[in-house]
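Only one structure is covered here, and it is reproduced in the block below.
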Amino acid sequence: MASILPYQFEPKSDTDNSNEEGQAEPLQAWLLKDVSECCAHSAADHREHLHLSLPSIMSLTAALLNGDIIDPEDEEDDDDGPLNPTTLKQKWEKMCRTIWLLPFLAVLMLVKWKRKASGLSLPPGPLALPLVGNLPVIDKSAPFKSFMKWSKTYGPVMTVYIGPQRMVVLVGYDTVKEALVDQADDFKGRAPVPFLYRVLRGYGLVISNGDRWQQLRRFTLITLRDFGMGRKRMEQWIQEESRHLLDSFEETKSTPVDPAFFMSRAVSNVICSLVFGQRFDYEDNNFLHLLQIISRLLRFGSSPWGQMYNIFPKLMELLPGRHHAMFREIEDIKAFIMTKIKEHEQNLDFSDPKDFIDCFLIRLKEEKQNPDTEFHKDNMLGTVVNLFVAGTETTSTTIRYALMLLIKHPHIQEQMQREIDQVIGQNRIPTMDDRKSLPFTDAVIHEVQRYLDIVPLNFPHYAMHNISFRGYLIPKDTVILPMLHSVLRDEGKWETPWTFNPENFLDANGNFKKNPAFFPFSAGKRSCVGESLARMELFLFIVSLLQKFSFSSPKGPDGIDPSPEFSSFGNVPRFYDLIASPR
Numbered sequence: 001m002a003s004i005l006p007y008q009f010e011p012k013s014d015t016d017n018s019n020e021e022g023q024a025e026p027l028q029a030w031l032l033k034d035v036s037e038c039c040a041h042s043a044a045d046h047r048e049h050l051h052l053s054l055p056s057i058m059s060l061t062a063a064l065l066n067g068d069i070i071d072p073e074d075e076e077d078d079d080d081g082p083l084n085p086t087t088l089k090q091k092w093e094k095m096c097r098t099i100w101l102l103p104f105l106a107v108l109m110l111v112k113w114k115r116k117a118s119g120l121s122l123p124p125g126p127l128a129l130p131l132v133g134n135l136p137v138i139d140k141s142a143p144f145k146s147f148m149k150w151s152k153t154y155g156p157v158m159t160v161y162i163g164p165q166r167m168v169v170l171v172g173y174d175t176v177k178e179a180l181v182d183q184a185d186d187f188k189g190r191a192p193v194p195f196l197y198r199v200l201r202g203y204g205l206v207i208s209n210g211d212r213w214q215q216l217r218r219f220t221l222i223t224l225r226d227f228g229m230g231r232k233r234m235e236q237w238i239q240e241e242s243r244h245l246l247d248s249f250e251e252t253k254s255t256p257v258d259p260a261f262f263m264s265r266a267v268s269n270v271i272c273s274l275v276f277g278q279r280f281d282y283e284d285n286n287f288l289h290l291l292q293i294i295s296r297l298l299r300f301g302s303s304p305w306g307q308m309y310n311i312f313p314k315l316m317e318l319l320p321g322r323h324h325a326m327f328r329e330i331e332d333i334k335a336f337i338m339t340k341i342k343e344h345e346q347n348l349d350f351s352d353p354k355d356f357i358d359c360f361l362i363r364l365k366e367e368k369q370n371p372d373t374e375f376h377k378d379n380m381l382g383t384v385v386n387l388f389v390a391g392t393e394t395t396s397t398t399i400r401y402a403l404m405l406l407i408k409h410p411h412i413q414e415q416m417q418r419e420i421d422q423v424i425g426q427n428r429i430p431t432m433d434d435r436k437s438l439p440f441t442d443a444v445i446h447e448v449q450r451y452l453d454i455v456p457l458n459f460p461h462y463a464m465h466n467i468s469f470r471g472y473l474i475p476k477d478t479v480i481l482p483m484l485h486s487v488l489r490d491e492g493k494w495e496t497p498w499t500f501n502p503e504n505f506l507d508a509n510g511n512f513k514k515n516p517a518f519f520p521f522s523a524g525k526r527s528c529v530g531e532s533l534a535r536m537e538l539f540l541f542i543v544s545l546l547q548k549f550s551f552s553s554p555k556g557p558d559g560i561d562p563s564p565e566f567s568s569f570g571n572v573p574r575f576y577d578l579i580a581s582p583r
């Protein structure tokens, strides 16, 4: 029986088809080896071309279907005589082992065709394994470190596989800026993060796309600005909340305390004033319960368990674990918000909206007859959850980290206090107008954000269509990671990228200087909607605290470990105790 291999499919022309004894390697074994190599290369869309040409793949497929590819060993036994049962069984088994290659060949044909049609290819990247991708070799405690390392080999645009999910990672200021700003329309898609989809079912501002995202983002920005975000009215709210924060530290009487909930209560009350039209007492048990859930949520999302859920959500749903408890706790946040929405419905005054929920309810009623509207209860709940959670944890975590670094570097804390005393004194309430007269203080606050690098991977973007970028093809449905860590640590943009140094934001004369690579809130059309609020909170809260207190650790500066506890979705600072000593 002769092998039928039409066109130019010749194994010996592609690879050495012999074993150590010089005997011919079985064709089936060669096929398994070569196809597995091809699949691995095509999975990562690697540097080398696939071994098989398109005509060869088609020929091989036809030969397989005809049952004409056999092991060369069989030719020795082939004669015109009848086949005994043993021989028939062996041939049947060999045919079955060969047929399973067909799906792989189909995939190879599709990959080859798409590459030829587009003229572009995926960015290069490390070799990925089936199902698990690059997971076995990724730094589980800090994935971005692996990406930074690989970028030195594969360049600033590379393909990685996290489990079965294809991702394109963008590294460095120039690359990230080109994508998010220069090609903003191409890169404005948001990835369907499984954990968040499980919680909000795709509603709200953060994980939506298309018309939903455009309508909600425009409405949110306009409404928050109307209620004073970035303006004098908001400044007054933060100043008022600062007084409550200072009083709470005063009550500690210089005893060691964990500052986590001091910060989160103050920061959360600012966003609560905007969204709910009220602030909560610092001892309100329901309020404290919600803040504890939000704190655990960020830590869970950055933990290995949280990462596993986003990689293998269907599998994780079947397994016991902390994610189920986290989902139940998030329902408490949603129930609290729905209660507030119902209260607003009962007291709504169309002529005098008092907060974000009032404005959303009015818009909902105005567009009740519009079949294409995105203003309904599901999106209202999702958007308020987004504002409440993001507006609480990220800013409060940054302030907590700022105090940690100032305790670690007491000379920097003292220099900030000297500048504050000279410009404001110890009695006048700080204002945003003071910032231009406090260049060193402003530089420290910026450096805290850069060095903390609170969202190192950035919130994942998504290719809503095929994207041509820097000569590569980023196919539709690819997750895109424009790494903020690589921007905030870009060695070409920062004098000392790997150390905490306020001089990164100071010129030779001690004046504050901007840096285009300062991207803590991301950039482009998906940048944080609360950026101006966060900037105001950071400045006013930190200056107010240093105006009235000096902060230290019961273990001394050397007892402070500024390295994050988790470094995945977010860099989560470790818990620590501090002493607030009145000045």
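Read left to right, the sequence shown gives residues 1 to 583 (UniProt numbering).
Just so it is clear, CB atoms sit at the ideal spot from N, CA and C, and this is done for glycine as well.
W237 burial status per 10 Å Cβ neighbour count (16 or more: buried): By 1-based counting over the sequence shown, the position of residue 237 is 237. Per the 10 Å Cβ criterion, buried.
Simplified DSSP assignment, three categories, for L546: Position 546 of the sequence shown, counted from the start, is the residue given in the question as residue 546. Looking at L546 - three-state DSSP - the assignment turns out to be helix.
Within 9 Å, strictly: CB atoms of L315 and I341: In the sequence shown, the residue the question calls residue 315 occupies position 315. In the sequence shown, the residue the question calls residue 341 occupies position 341. Against a cut-off of 9 Å, the Cβ pair of I341 and L315 comes out as no contact.
Burial state of R201 (16 or more Cβ within 10 Å): Position 201 of the sequence shown, counted from the first residue, corresponds to residue 201. Label assigned to R201: exposed.
Bridge partner(s) assigned by DSSP for L578: In the sequence shown, residue 578 corresponds to position 578, counting from 1. Beta-bridge pairing links L578 to V257.
Residue of F518, L196, Y203 minimising C-alpha distance to G492: On the sequence shown, residue 492 is found 492 positions in, with the first residue counted as 1. Per the C-alpha coordinates, the member of F518, L196, Y203 positioned closest to G492 is F518.
Supposed contact pair L131 and G163 - C-beta distance, whole angstroms, cut 8 Å: By one-based count along the sequence shown, residue 163 stands at place 163. By one-based count along the sequence shown, residue 131 stands at place 131. Going by Cβ atoms, the distance from G163 to L131 rounds to 7 Å, so yes, they are a contact pair.
Same chain, Cβ closer than 7 Å to D45, five either side skipped, listed in chain order: Reading the sequence shown from its first residue, position 45 is the one you call residue 45. Residue confidence for D45 is low, a pLDDT of 43 falling below 50, so the modelled location carries little weight and cannot support an answer.
Simplified DSSP assignment, three categories, for S563: By one-based count along the sequence shown, residue 563 stands at place 563. DSSP places S563 in coil when its eight states are reduced to three.
Residues near V199 in its chain [Cβ-Cβ closer than 6 Å; skip 5 each side]: Stepping through the sequence shown from its first residue, residue 199 is reached at position 199. I330.
Candidates G172, G125, D433: closest to W150 by CA position: Taking the sequence shown and counting its residues from 1, the one referred to as residue 150 is at position 150. If we check each option's Cα against that of W150, G125 comes out closest.
Continuous beta strand (DSSP E) assignments of at least 3 residues falling wholly in the region 298–350: List check, beta strand (DSSP E) in window: nothing returned.
Cα-Cα separation between N370 and V529, rounded to whole angstroms: Residue 370 sits at position 370 when you count from the first residue of the sequence shown. Residue 529 sits at position 529 when you count from the first residue of the sequence shown. For N370 and V529, the distance between alpha carbons rounds to 26 Å.
Best match in R450, V487, N209, M234 for proximity to T398 [C-alpha to C-alpha]: Here residue 398 refers to the residue found at position 398 when the sequence shown is read from its first residue. That would be R450, whose Cα lies nearest to the Cα of T398.
Residue burial classification, L350 (beta-carbon count within 10 angstroms, cutoff 16): Here residue 350 corresponds to residue number 350 of the sequence shown, with the count starting at 1. First, the amino acid is wrong: residue 350 is Phe here, not Leu. With a threshold of 16 other beta carbon atoms within 10 Å, F350 falls short and is exposed.
Backbone CA spacing between F187 and N466 [nearest angstrom]: Translated into positions along the sequence shown, residue 187 becomes position 187. Translated into positions along the sequence shown, residue 466 becomes position 466. In a straight line, the C-alpha of F187 is about 11 Å away from that of N466.
Complete runs of the alpha helix (DSSP H) confined to the region 474–555 [at least 4 residues]: 484–488, 531–548
Minimum Cβ-Cβ distance from K377 to chain C less than 9 Å: Within the model displayed, chain C is absent; a lone protein chain is all it includes.
Local conformation of G469 per DSSP, three classes: Residue numbering aside, residue 469 sits at position 469 when the sequence shown is read from its first letter. Residue 469 is actually Phe in this sequence, not Gly. Strand, per DSSP.
Assigned secondary structure, V137 (DSSP; H/G/I helix, E/B strand, else coil): Within the sequence shown, numbered from 1, the residue matching residue 137 stands at position 137. Reduced to three states, the DSSP call for V137 is helix.
Per-residue DSSP class, three states only, for G210: Residue 210 sits at position 210 when you count from the first residue of the sequence shown. Correct three-state label for G210: helix.
Contact under 9 Å by Cβ, G172 with T383: By one-based count along the sequence shown, residue 172 stands at place 172. By one-based count along the sequence shown, residue 383 stands at place 383. Against a cut-off of 9 Å, the Cβ pair of T383 and G172 comes out as no contact.
P475 versus F469: straight-line alpha-carbon distance, rounded: Here the question's residue 475 lines up with position 475 in the sequence shown. Here the question's residue 469 lines up with position 469 in the sequence shown. Cα to Cα, the separation comes out at about 11 Å.
Residue environment, N285, which counts as buried when at least 16 other CB atoms sit within 10 Å: On the sequence shown, position 285 is the one that residue 285 refers to. N285 should be labelled exposed.
T392 classed as buried or exposed, judged by whether at least 16 other C-beta atoms fall within 10 angstroms: Translated into positions along the sequence shown, residue 392 becomes position 392. Label assigned to T392: buried.
Test item: CB-CB of G228 and K354 under 9 Å: Translated into the one-based positions of the sequence shown, residue 228 becomes position 228. Translated into the one-based positions of the sequence shown, residue 354 becomes position 354. Against a cut-off of 9 Å, the Cβ pair of K354 and G228 comes out as no contact.
DSSP-derived helix/strand/coil call for M158: Walking along the sequence shown from the start, residue 158 turns up at place 158. Residue state, collapsed to three classes: strand.
Under the three-state DSSP convention, the category H461 falls into: Taking the sequence shown and counting its residues from 1, one reaches residue 461 at position 461. Looking at H461 - three-state DSSP - the assignment turns out to be strand.
For V385 and I337, believed in contact at Cβ under 8 Å, the rounded distance: Stepping through the sequence shown from its first residue, residue 337 is reached at position 337. Stepping through the sequence shown from its first residue, residue 385 is reached at position 385. At roughly 6 Å, the Cβ-Cβ gap stays under 8 Å, so I337 and V385 are in contact.
Candidates L288, R212, G559: closest to T373 by CA position: On the sequence shown, position 373 is the one that residue 373 refers to. Minimum Cα distance to T373 is reached at R212.
Segments of 4+ residues assigned as alpha helix (DSSP H) that fall wholly inside the region 163–223: 173–177, 194–200
Rounded separation between I294 and G155 - CA only: Within the sequence shown, residue 294 is the residue found at index 294, counting from 1. Within the sequence shown, residue 155 is the residue found at index 155, counting from 1. The alpha-carbon atoms of I294 and G155 are separated by roughly 37 Å.
Straight-line Cα distance separating F440 from M448: Against the sequence shown, residue 448 aligns to sequence position 448. Against the sequence shown, residue 440 aligns to sequence position 440. Note on identity: in this sequence residue 448 is Val, with Met being the wrong assignment. Whole-angstrom Cα-Cα distance: 12 Å.
Outcome for M404 when other beta-carbon atoms lying within 10 angstroms are tallied against a minimum of 16: Taking the first residue of the sequence shown as position 1, residue 404 is located at position 404. It counts as buried.
Same chain, Cβ closer than 6 Å to R322, five either side skipped, listed in chain order: Reading the sequence shown from its first residue, position 322 is the one you call residue 322. Closer than 6 Å at Cβ, skipping near neighbours: W305.
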